[in-house]
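Below is one structure; the comments refer to it alone.
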Amino acid sequence: MTLILQSVDMERLENFSEALLAFNDEANRVCKDLFKVIKVPGIDYEWELTVYGKQVYINSDDVLKILDHEHSTNYKEAFKELVAWKLRAVSRSDV
-12 MTLILQSVDM
-2 ERLENFSEAL
8 LAFNDEANRV
18 CKDLFKVIKV
28 PGIDYEWELT
38 VYGKQVYINS
48 DDVLKILDHE
58 HSTNYKEAFK
68 ELVAWKLRAV
78 SRSDV
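Numbering-wise, this note's numbering puts 23 at position 36 of the sequence shown, and it's gapless, one number per residue.
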């Protein structure tokens, strides 16, 4: 049973990763250099995002939490929600 759950999680992470790269391309067409996604080297599912000059990091645990909470396969919307959550956390720590 555990292997099935791990397989499902890996598939969801891979789909999220693909959606993230597509979103990055779309965002760069619209607002060049205001949104940047860099995949952290050597780590399968961790990304560094720069959004309007603020850096946030997203890892697989964050992704799975938001996907489980949203119960959705709309990875683009889940990504937006996750980035908003991370940016709010960074903004609060800046105060």
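Quick reminder that beta carbons are idealized off the backbone N, C-alpha and C, glycines included.
Note that the coordinates shown come from a computational prediction; the quantities given were computed from them, not determined experimentally.
Practice problem: Measure the alpha-carbon distance for A6 versus V77 and round it to whole angstroms. | Solution: Counted from its first residue, the sequence shown places residue 6 at position 19. Counted from its first residue, the sequence shown places residue 77 at position 90. Cα to Cα, A6 sits roughly 23 Å from V77.
Quiz item: Can you check whether the CB of F66 is closer than 8 Å to the CB of F10?
Solution: In the sequence shown, residue 10 corresponds to position 23, counting from 1. In the sequence shown, residue 66 corresponds to position 79, counting from 1. Yes; because the gap between Cβ atoms is below 8 Å, this pair is in contact.
Quiz prompt | Reduced DSSP secondary structure (H/G/I, E/B, other) of Y32 | solution = Residue numbering aside, residue 32 sits at position 45 when the sequence shown is read from its first letter. Annotated three-state conformation of Y32 is coil, per DSSP.
Quiz item: Which residues in the same chain as K73 place their Cβ atom closer than 8 Å to its Cβ, once the five residues preceding and following it in sequence are excluded?
Solution: If you number the sequence shown from 1, residue 73 lands on position 86. The residues are L36, V43, Y44, I45 and D49.
Quiz item: What runs of the alpha helix (DSSP H), each 4 residues or longer, lie entirely inside the region -5 to 27?
Solution: List check, alpha helix (DSSP H) in window: nothing returned.
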